Amino acid sequence: MRLVALVSGGIDSPVAAYKMAMTGADVILLHMDNRPHTDDRCLEKVKKIASRLSAVTKKEILLYVASHGENQTLIRKNCDSGYQCVLCKRLMMRVAKEFALRNECSGIVMGDSLGQVASQTLRNIRAESFDLSVPVLRPLIGLDKLEIEAVAKEIGTYGISIMPESPCGVVPQRPITEAEPLRTVMQQSYLEFDEMAAASADSAKRVQ
């Protein structure tokens, strides 16, 4: 089984990728490059995380990076600000789907933990993955933050993940927490969504 794992510089997504790798899956990491809405430190953290995951799993875990900053700009310009995070996540998953199809991957791995942040309420998770048509695996969905941090410390990614970086510059003051799929799709219609996803997938480059 080959899977693409969306990975950020945070604590959760590396643990999700690790858990799936340890089940026997071949995991490819895909990082969505949010610059200029963040800085270079996030990418450097992700490179270190990829190296650590390769070491702890004793597998070659490849890291690809796809552009996402312009997508964020277009969402902010054209859509309801409350939907910024939901549409960001939905678009990242669509890029991961395109990447998965091109690289013979069977599904997408996410670091979601239910209710931990605004984009991870049950309604938002539904809106983000609505009509995706690719399996989405969420190995951390029932874990709380302390449980996830414990695993991150055990595998050696925690210290990397907490290194400082610039926060995302487009997070709205009041992100929606109960997004409806049809309302989300309506917001999506203000964008060239499929073209944006394809362009980001085209931009994916192996960096490690």
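This note's numbering numbers the first residue of the sequence shown as -9 and each following residue consecutively.
Glycine residues also receive a C-beta, built at the ideal position from the N, C-alpha and C atoms.
Quantities reported herein were computed from a predicted structural model and do not represent experimental measurements.
Quiz prompt | Beta-carbon gap between Leu64 and Met186 smaller than 8 angstroms | solution = Residue mapping note: residue 64 aligns to position 74 of the sequence shown, counting from 1. Residue mapping note: residue 186 aligns to position 196 of the sequence shown, counting from 1. Contact flag set, yes.
Practice problem: Taking only the alpha-carbon atoms, compute the straight-line gap between Leu(-7) and Arg66 and give it to the nearest angstrom. | Solution: Looking up residue -7 in the sequence shown gives position 3. Looking up residue 66 in the sequence shown gives position 76. Whole-angstrom Cα-Cα distance: 30 angstroms.
Quiz item: According to DSSP, is Ala45 helix, strand or coil?
Solution: The sequence position of residue 45 within the sequence shown is 55, counting from 1. Of the three classes helix, strand and coil, the one that applies to Ala45 here is helix, per DSSP.
Quiz item: Are the Cβ atoms of Ala56 and Ser193 separated by less than 8 angstroms?
Solution: Here residue 56 corresponds to residue number 66 of the sequence shown, with the count starting at 1. Here residue 193 corresponds to residue number 203 of the sequence shown, with the count starting at 1. Yes. Within cutoff.
Quiz item: With distances taken between CB atoms, is the gap from Asn169 to Val76 smaller than 8 angstroms?
Solution: In the sequence shown, counting from the first residue as 1, residue 169 sits at position 179. In the sequence shown, counting from the first residue as 1, residue 76 sits at position 86. Checking the sequence shown, residue 169 turns out to be Ala, not Asn. Yes; because the gap between Cβ atoms is below 8 angstroms, this pair is in contact.
Quiz prompt | Buried/exposed call for Met82, threshold 16 Cβ in 10 Å | solution = In the sequence shown, the residue the question calls residue 82 occupies position 92. Classification for Met82: buried.
Quiz item: Which residues in the same chain have their Cβ closer than 8 angstroms to the Cβ of Pro154, if we skip the five residues on either side of it in sequence?
Solution: The residue you call residue 154 lines up with position 164 of the sequence shown. Excluding positions up to five away in sequence, the list reads Arg31.
Quiz item: Given that a residue counts as buried once 16 or more other Cβ atoms are within 10 Å of its Cβ, and exposed if not, what is Leu125?
Solution: Position 135 of the sequence shown, counted from the first residue, corresponds to residue 125. The displayed chain sequence assigns Pro, not Leu, to residue 125. Pro125 should be labelled exposed.
Self-check item: Endpoints, the alpha helix (DSSP H) within which Arg84 is located
Solution: On the sequence shown, position 94 is the one that residue 84 refers to. Arg84 -> alpha helix (DSSP H) spans Gln74 to Arg92.
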